[in-house]
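A.B. asks: Chains as they are written, first to last, in the working numbering: chain A, 1 to 800; chain B, 1 to 449. For each residue, glycine too, the CB sits at the ideal point set by N, CA and C. Quick one: this structure, given as structure tokens, is what I'll be asking you about.
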Amino acid sequence: MRIPTRAALVLALAAGACKSSSAGPSAGVSAPTAVVAFQGITARYTGVHPYVAVSSGRGGELRIIDPTSDRPVLGPTLVFPLSVPADARPLKLAAASLGDGGADLLAVALPGSAGAPAIEIVETWSAENRIATAITLPGLGADTEIISLAAGPVPGVTGRARLVAGLATSAGFELAVVDVVRATTPATTPTTTGAVTPAGPAALQPLAFTPVDLAFSPAGDLLFVATTDPIAGGVLGVAQLAVGDPATTWPVTALDARAGTTHVAAAVVAERTVTETANGVVIPATSEKVFGAPALRVYASLDPAGCGDTKPIRCGIATLVPGVGLAEDPSRVVASTITTGADSTAGMPYRAPIEYLGVTAALAMAPDVANLKAGSPCDVGGELNPGGPARTLLAPPGSGQRCTTASGVVASSDGNTYVMDLGRFEIPSETSVLVDASQRTRVTSATSTIPAGTTGATLGLADSNGQPISNAANLAAAVQVTPGFTPNDTFRVTYQGFIPGLQSVFGVVRRLSSGELVLTGQADSGSRNSAGEVNWTEGLRLSSAVFSVHAGDVTQIETVQIGVCPGDVASDRVDTEVAVKAVIAPNPALGIPGGALQLEVDEAALPCFAAGIDALPGKFLPVQFNVRAGGLILTGDALGYAGRPDLNGGRFALEYVVANDKSNDGSTDRNLEPENEPQLLARKARRRFYPAEYACGASGCSGFPGFTHALASGPMLAFSVTAPGTPPRDAQLVIVTSSGYLAFTSRPTGAEAPVGAAPIDRTTIDPNGNLAVRWYVGYSNDQVFVFGPAEAPNQAFSIR
Amino acid sequence: MSGCGEGARAIPGPLDRFTFPTGLTLAPLANGKRALVVVSSNFDLRYSPDGGGTVIAVDPDASNGDQLAVLGAVQIGSFGGETTVLSGTPLPVAADSPVVPATCPGWTGGNQVLVPSRDQNALYRVDIDGAGALTCGDGCKVPLNSSLADPYGIQITCRQVVDPANPTTSSLEAFAYTSHLRAPNNEGWLSKLDLSTGAVSLIDLGPSPPSSFAWDTDLNRLYVTGRFGAVIDLAALRWIDPLFSPNLVHVANFGLDVRGAELRSIALSSPGAGGQGAPRRAYVAVRLFDRDLATDTGVRLPDVAGALAVIDLTETADGAPEARILRLVQVGVGPNQVAVLPRTDHRRDVVAITNTDEGTLVLYDDDSQSIATVLGTPGATLPPSFPNDGKPLFGKQPFGLASEPTGPATRRLYVGSFDRGFITVLDVDLTHPSNVIWVRRFGQEVPNP
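Okay, structure coming up:
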């Protein structure tokens with residue numbers, strides 16, 4: 001029976017306290033470290049029921065929550081919650097069905113405290129609920145660390161499950177694999193009836209990379225390993241292991257995610273398609289509710305060290321296809337099947353990660369819903385295609401209910417638990433990205449100004465016919481944006497504007513041994529080499545594409561040492577503007593480890609920065625400087641450098657170009673040299689999310705000229721800048737954009753540091769209810785947050 | 001014990017025991033010896049506020065149980081904070097151990113123990129001689145700006161600077177930075193002491209007070225962590241590049257990435273960790289508080305959790321560190337001091353974190369990206385013979401940390417018990433950091449209530 005929790009909730013709210021489950025006994029979760037759902041037997045009910053196990057780090061124990069009542073399972077005193085003491089602070093949990101309808105395997109990993117770390121099996125098959133046995137890890141002692149833990153089924157075998165632990169040992173990294181079986185010998189005591197016991201000692205398999213996280217495929221035939229290390233052939237991503245006999249080495253296939261990974265999960269998902277078949281003819285999908293055949297997908301959190309705006313892939317949850325690598329981006333299908341004449345190779349060759357804020361703390365997938373009530377909105381055969389997997393319901397409060405084929409969550413260090421619609425490869429938006437004109441992806445304002453006290457032409461925009469827009473109020477309409485690509489940002493088109501990152505910075509002007517006068521972003525380390533030359537400390541890498549300095553740009557240089565230049569006084573320091581003649585790549589042999597800007601300098605006119613320098617020891621002069629563009633420059637307050645539109649030069653587009661987006665080439669923004677500017681811009685212009693709405697017809701998507709399909713590619717920003725004459729320096733066109741996207745999240749009050757998430761299929765508890773999946777998310781501040789993606793926010797609560 | 005209404009006591013701090021020890025460090029002595037230097041804070045003001053704190057140098061090998069082999073001791077002001085040793089001499093270590101560089105290469109003045117006193121708003125420069133004797137004579141107590149308060153963190157930065165006009169001559173540029181935990185309007189301020197001239201200047205960090213430091217000797221970059229300063233969602237890691245812009249403060253804010261975060265101690269990864277050219281990392285103790293309550297009340301209430309943040313310091317084209325969190329490792333409530341235990345095989349470091357509130361020490365292995373072990377949990381024992389005297393491993397409230405190499409792949413850890421006043425000595429096998437051996441404990445246990 002479901003304990004009414006709402007009354008308690010109201011009381012808690014009335015008291016101004018955090019929401020908690022009830023006035024009943026506290027669950028006593030103390031610094032949770034992991035959360036897992038399992039089927040087992042407790043004193044709460046006879047027979048096998050679903051439960052949630054929470055490892056209590058500070059208490060060195062497990063607590064068990066009954067999801068039917070959302071109360072803790074009580075101990076023998078019936079007053080206090082049941083404690084399952086572990087031998088040390090439990091770190092990780094894993095559970096799996098043996099496929100025979102009996103109690104699940106529930107394993108807990110403990111760190112070494114006075115010897116070897118341990119993996120212990122919890123007695124789920126009786127109401128004793130104690131630690132029943134330890135897994136034997138042969139030959140592993142106190143030198144072993146348990147890094148990761150997972151459990152899954154053994155393909156085609158009932159009465160057996162498989163437990164895998166990722167280890168760091170004296171031999172390097174290894175997998176310990178052990179099968180567990182249902183005890184078949186006659187029970188000697190009631191508590192050994194149906195016991196889950198190791199089938200034998202663990203078998204060890206060597207790994208060439210750190211097994212940071214593990215996940216079985218639902219069928220148990222594949223094991224996926226998240227790792228930040230290169231896998232076979234230097235590939236960064238997820239290692240796919242073909243599961244076989246534990247005693248044999250499982251073959252490894254590297255799934256390229258363009259970056260390392262830290263968390264991994266797998267699910268069978270029917271994904272949204274952009275076409276459908278009607279009367280034997282392939283036509284554009286008529287809604288966002290058309291899904292393909294279910295297929296196995298792997299989801300992995302990308303290593304923050306290798307992802308980002310300028311890295312080979314943006315950060316988030318990557319979607320991978322087993323045996324292949326990153327899943328495809330649907331925009332290519334859109335281009336080839338829907339958009340007449342479109343280039344089907346122009347879109348991104350890989351699917352954009354599912355983005356969120358913070359760092360992943362937990363990644364988990366919801367199970368297929370077993371018994372969704374007939375006639376409910378997302379029933380099989382209901383709103384969605386019949387015959388597919390069971391459906392689940394999501395209800396972002398701001399954008400209404402939706403059905404989807406599969407869901408998951410990512411719990412983040414920012415305190416939020418983000419709900420993912422896996423069927424549409426996105427975190428649902430609370431707002432309308434395409435339809436609602438007041439919310440959707442749009443330019444919220446576009447204004448043009450010139451600095452006070454200056455004269456000259458004002459920057460304007462041209463319409464699609466190339467005609468200058470005369471009414472400033474219509475400037476916004478002349479800017480093209482694309483749902484999924486255009487972010488929240490303030491873009492600035494500035495005439496001779498500062499290059500982002502190169503304003504009031506420090507470096508030196510120096511004479512190279514080859515004779516050029518250059519500006520560098522380096523500093524005198526204070527030491528000299530054996531030849532008496534300066535050992536330079538590299539600071540700014542001026543040659544990097546991050547700055548994209550061009551020949552013809554303008555440096556503004558002032559000395560930082562008063563008295564060096566003739567007539568130099570503190571009150572008159574900005575003394576020199578010098579054009580950039582060329583960008584020189586880093587050359588330590590020339591003493592420019594961070595590259596340099598060769599100055600187009602009239603040396604006779606600049607005694608300080610030219611002839612004067614030759615008189616200085618080492619022929620260099622510390623300076624503070626700015627660099628401005630020679631013409632127009634586009635910058636985003638968040639995005640940084642975004643390109644160089646031409647004045648009266650026609651359409652400029654900041655957009656993804658596949659040819660410029662190299663795969664994982666080891667580049668960082670520090671070693672992106674000038675020729676990498678197109679790569680930098682292509683990476684910055686990548687897709688950020690996939691709009692879930694359809695809202696487009698044969699004539700395109702209303703409100704988005706030239707945009708043919710919700711999943712089509714398009715520019716992050718495109719426009720044509722005009723001016724009737726030469727604008728003054730710092731004349732500026734400010735374009736404020738909104739992505740229209742607001743991620744669907746849940747979090748409890750006082751939410752700090754989630755640690756793990758486990759789903760419960762409520763339809764197994766209450767087949768007549770309206771609830772599908774409910775999530776139990778452990779937070780390290782002594783609470784388990786419970787919420788349903790289909791429930792109203794005020795129905796969420798915490799168990800403490 | 002000092003009670004309500006009782007006036008300040010005039011009793012100087014004891015020199016034969018530790019009272020609420022905070023900072024620990026190791027100091028090189030003559031003849032290949034070294035001392036463990038322990039700062040006692042007189043936290044309960046059992047002794048005089050202005051002389052109740054102490055700095056005691058002991059021979060850590062000859063100290064055992066209640067017996068302290070005191071080499072030198074002086075009284076200082078109460079509420080001493082972190083400590084470091086100003087020395088141009090590397091720490092003596094066993095022949096097969098990795099080198100521990102001098103804290104100030106080129107320093108030719110005498111060795112000094114530097115420790116701030118919050119009660120006195122001063123920085124003490126305590127001379128330590130080759131035998132470990134301590135003296136605090138003229139110029140020992142350096143008063144700090146009276147508009148600021150609570151100096152706590154301390155960091156020495158040293159570098160040789162060639163005279164550009166005469167490249168054959170160079171001089172040592174040596175500073176000691178001190179963080180002020182309190183200042184008007186919750187501003188962040190550093191005091192910067194020129195160790196050669198004695199001149200003190202100030203650096204304005206902007207909102208939120210600083211806590212602890214780390215100095216990147218390769219890049220000449222000073223990192224400083226930020227505490228809660230009434231600005232919600234500001235958890236600032238700031239840095240100064242003295243070589244480029246000594247007065248410019250750069251900020252990376254982790255307050256939006258990590259909800260309810262406050263930064264405490266920081267340590268940098270060792271050079272070479274992760275292999276040739278691998279980016280540097282910072283390890284930062286993060287206190288987590290209830291952000292919602294702080295927003296509602298404007299008050300930072302007690303911690304609810306704690307973590308170790310692993311931060312990527314890859315150099316960007318901007319000449320700045322990436323300063324991005326790679327991982328947030330949950331370590332329990334009350335993480336305080338962080339110490340890096342460098343390996344010599346190019347693997348990533350082992351990181352030790354004292355968890356003051358939970359009474360534990362966590363060893364995190366950044367190579368395997370997992371917690372290797374948690375020490376100090378109830379009932380846990382250590383080989384070979386952790387004494388069954390009923391005392392928890394770290395007494396209560398483990399706080400200060402110091403470490404030294406004892407071989408190519410072993411590191412000795414000294415862990416101070418703030419509440420109980422003793423030092424626990426452990427040996428960590430860096431090849432297998434879950435392998436920890438209990439060595440000894442020394443210092444009288446203080447029976448605080």
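#1: Could you list which residues in chain A have their beta carbon closer than 7 angstroms to that of residue 358(B), in chain order?
#2: Taking only beta-carbon positions, decide if residue 432(B) is within less than 8 angstroms of chain A.
#3: Would residue 296(A) pass as a contact of residue 318(A) if the rule is Cβ separation under 8 angstroms?
#4: Considering only the alpha carbon of each residue, which of 340(B), 261(B), 431(B) and 322(B) lies closest to residue 415(A)?
#5: With a threshold of 8 angstroms between beta-carbons, can residue 570(A) be considered close to chain B, or not?
#6: Quick check: what's the CA-CA separation for residue 706(A) versus residue 549(A)?
#7: Which stretch, first to last residue, makes up the alpha helix (DSSP H) that contains residue 331(A)?
#8: Just checking my contact of residue 42(A) with residue 127(A) at CB under 8 angstroms: how many whole Å lie between their CB atoms?
#9: Strictly under 8 angstroms for the Cβ-Cβ distance: is residue 471(A) near chain B by that measure?
#10: Runs of 3 residues minimum, wholly inside the segment 188-251 of chain B: which ones carry the beta strand (DSSP E) assignment?
#11: So, is the C-beta of residue 167(B) closer than 8 angstroms to a C-beta in chain A?
#12: In angstroms with no decimal places, state the Cα-to-Cα distance between residue 437(B) and residue 271(A).
#13: Using C-beta distances below 6 angstroms, list every residue in its chain close to residue 263(A), excluding the 5 sequence neighbours before and after it, in chain order.
#14: According to DSSP, is residue 316(B) helix, strand or coil?
#15: Residues of chain A with CB closer than 7 angstroms to the CB of residue 244(B), please, in chain order.
#16: Helix or strand or just coil, what does DSSP make of residue 457(B)?
#17: Is the CB of residue 798(A) under 8 angstroms away from at least one CB in chain B?
#18: Given this structure, state the Cα-to-Cα distance separating residue 720(A) from residue 632(A), to the nearest angstrom.
#19: First and last residue of the alpha helix (DSSP H) that includes residue 297(B)?
#20: Quick one: list the residues of chain A neighbouring residue 325(B), beta-carbon separation under 9 angstroms, in chain order.
#21: Taking only runs that begin and end inside the segment 12-38 of chain B, name each unbroken beta strand (DSSP E) of 3 or more residues, in chain order.
#22: Going by C-alpha distance, which of 60(B), 395(B), 82(B) and 90(B) is nearest residue 180(B)?
#23: Listing by chain order, which chain A residues have their CB less than 7 angstroms from the CB of residue 160(B)?
#24: Could you check the C-alpha separation between residue 223(B) and residue 123(B) for me, to the nearest Å?
#25: Between residue 794(A) and chain B, is there a C-beta pair that is closer than 8 angstroms?
#26: Just list the residues that DSSP pairs residue 51(A) with in beta bridges.
#27: What residues from chain B crowd round residue 627(A), counting only those whose CB sits closer than 7 angstroms?
#28: Considering Cα atoms alone, identify which of 595(A), 740(A) and 526(A) is closest to residue 219(B).
#29: Would residue 10(A) pass as an interface residue toward chain B - the criterion being a Cβ-Cβ separation below 8 angstroms?
#30: Select from 141(B), 89(B), 159(B) and 368(B) the residue whose C-alpha is nearest the C-alpha of residue 144(A).
#31: Chain A partners of residue 365(B), CB-CB under 8 angstroms?
#32: Report yes or no: is there a C-beta of chain A within less than 8 angstroms of the C-beta of residue 397(B)?
#33: Pop quiz: residue 395(B) and residue 427(B) are said to be a contact at Cβ under 8 angstroms. What is the actual Cβ separation, rounded to whole angstroms?
#34: Of all Cβ atoms in chain B, is any one closer than 8 angstroms to the Cβ of residue 385(A)?
#35: In the DSSP assignment, the alpha helix (DSSP H) including residue 684(A) goes from what residue to what residue?
#36: Answer yes or no: does any C-beta atom of chain A fall closer than 8 angstroms to that of residue 373(B)?
C.D. replies: Let's see:
#1: As a first step, residue 358(B) must be located in the second sequence, where it is residue number 358. The answer, in chain order, is 58.
#2: Counted from its first residue, the second sequence places residue 432(B) at position 432. At least one chain A Cβ lies under 8 angstroms of residue 432(B).
#3: Here residue 296(A) refers to the residue found at position 296 of the first sequence. Here residue 318(A) refers to the residue found at position 318 of the first sequence. No, they are not a contact pair.
#4: Walking along the first sequence from the start, residue 415(A) turns up at place 415. With distances taken between Cα atoms, residue 415(A) lies closest to 261(B).
#5: For the purposes of this step, residue 570(A) is identified with residue 570 of the first sequence, where counting begins at 1. At residue 570(A), the pLDDT of 47 sits below 50, so the modelled position is not reliable; the number obtained from the coordinates is stated separately. With 8 angstroms as the cut-off, residue 570(A) does not count as an interface residue toward chain B.
#6: By 1-based counting over the first sequence, the position of residue 706(A) is 706. By 1-based counting over the first sequence, the position of residue 549(A) is 549. Those two C-alpha atoms are separated by around 33 angstroms.
#7: Taking the first sequence and counting its residues from 1, one reaches residue 331(A) at position 331. Taken as a continuous stretch (DSSP letters only), the alpha helix (DSSP H) holding residue 331(A) covers 330-337.
#8: Numbered from 1 along the first sequence, position 42 holds the residue referred to as residue 42(A). Numbered from 1 along the first sequence, position 127 holds the residue referred to as residue 127(A). That belief holds up - the Cβ atoms of residue 42(A) and residue 127(A) are roughly 6 angstroms apart, short of 8 angstroms.
#9: Your numbering for residue 471(A) matches position 471 in the first sequence. For residue 471(A), the answer is no, since every Cβ of chain B falls outside 8 angstroms of its Cβ.
#10: 200-207, 210-216, 221-226 and 236-241
#11: Counting from 1 along the second sequence, the entry for residue 167(B) is found at position 167. Yes, contact with chain A.
#12: In the second sequence, counting from the first residue as 1, residue 437(B) sits at position 437. In the first sequence, counting from the first residue as 1, residue 271(A) sits at position 271. For residue 437(B) and residue 271(A), the distance between alpha carbons rounds to 54 angstroms.
#13: Locating residue 263(A) in the first sequence gives position 263, counting from the first residue. Excluding positions up to five away in sequence, the list reads 213, 226, 301, 360 and 363.
#14: What you label residue 316(B) is simply residue 316 of the second sequence in a count that begins at 1. Residue 316(B) falls in the coil class under three-state DSSP.
#15: The residue you call residue 244(B) lines up with position 244 of the second sequence. The contacting residues are 506, 523 and 539.
#16: In this structure chain B extends from 1 to 449, so residue 457(B) is not present and cannot be described.
#17: Locating residue 798(A) in the first sequence gives position 798, counting from the first residue. Judged by the 8 angstroms Cβ criterion, residue 798(A) is not in contact with chain B.
#18: By 1-based counting over the first sequence, the position of residue 720(A) is 720. By 1-based counting over the first sequence, the position of residue 632(A) is 632. Each residue's alpha carbon lies about 12 angstroms from the other.
#19: Within the second sequence, residue 297(B) is the residue found at index 297, counting from 1. Per DSSP, residue 297(B) belongs to the alpha helix (DSSP H) from 291-297.
#20: Locating residue 325(B) in the second sequence gives position 325, where the first residue counts as 1. Under the 9 angstroms cutoff, chain A gives 304, 358, 359 and 413.
#21: 21-28
#22: Here residue 180(B) is taken as the residue at index 180 of the second sequence, counted from 1. The shortest Cα separation from residue 180(B) among 60(B), 395(B), 82(B) and 90(B) belongs to 82(B).
#23: The count along the second sequence starts at 1 and reaches residue 160(B) at position 160. Within 7 angstroms Cβ-Cβ: 526 and 527.
#24: Within the second sequence, residue 223(B) is the residue found at index 223, counting from 1. Within the second sequence, residue 123(B) is the residue found at index 123, counting from 1. If I take the Cα positions, the gap works out to 20 angstroms.
#25: Locating residue 794(A) in the first sequence gives position 794, where the first residue counts as 1. Output row for residue 794(A): interface = no.
#26: Looking up residue 51(A) in the first sequence gives position 51. Paired residues: 38(A).
#27: Within the first sequence, numbered from 1, the residue matching residue 627(A) stands at position 627. Chain B residues near residue 627(A): none, gap ~13 angstroms exceeds 7 angstroms.
#28: Start at 1 with the first residue of the second sequence, and residue 219(B) comes out as number 219. Measuring from the Cα of residue 219(B), the nearest candidate turns out to be 526(A).
#29: Taking the first sequence and counting its residues from 1, the one referred to as residue 10(A) is at position 10. Caution is warranted here: a pLDDT of 31 is assigned to residue 10(A), below 50, making its placement in the model unreliable, and the coordinate value is therefore given only provisionally. Cβ-Cβ to chain B under 8 angstroms: no for residue 10(A).
#30: As a working note, residue 144(A) is residue 144 in the first sequence. Nearest option by C-alpha distance: 368(B).
#31: Within the second sequence, the letter at position 365 stands for residue 365(B). Simply 145 and 168.
#32: Taking the first residue of the second sequence as position 1, residue 397(B) is located at position 397. Not one chain A Cβ lies under 8 angstroms of residue 397(B).
#33: Counting from one through the second sequence, the residue named residue 395(B) turns up at place 395. Counting from one through the second sequence, the residue named residue 427(B) turns up at place 427. In fact, because the Cβ distance is near 19 angstroms, the residues do not count as touching under 8 angstroms.
#34: Working through the first sequence from its first residue, we reach residue 385(A) at position 385. Residue placement at residue 385(A) cannot be trusted, given a pLDDT of 41 that sits under 50; the coordinates are not used to answer.
#35: The residue given as residue 684(A) occupies position 684 in the first sequence. From DSSP, the alpha helix (DSSP H) with residue 684(A) extends over 677-684.
#36: By one-based count along the second sequence, residue 373(B) stands at place 373. It does; some Cβ of chain A falls within 8 angstroms.
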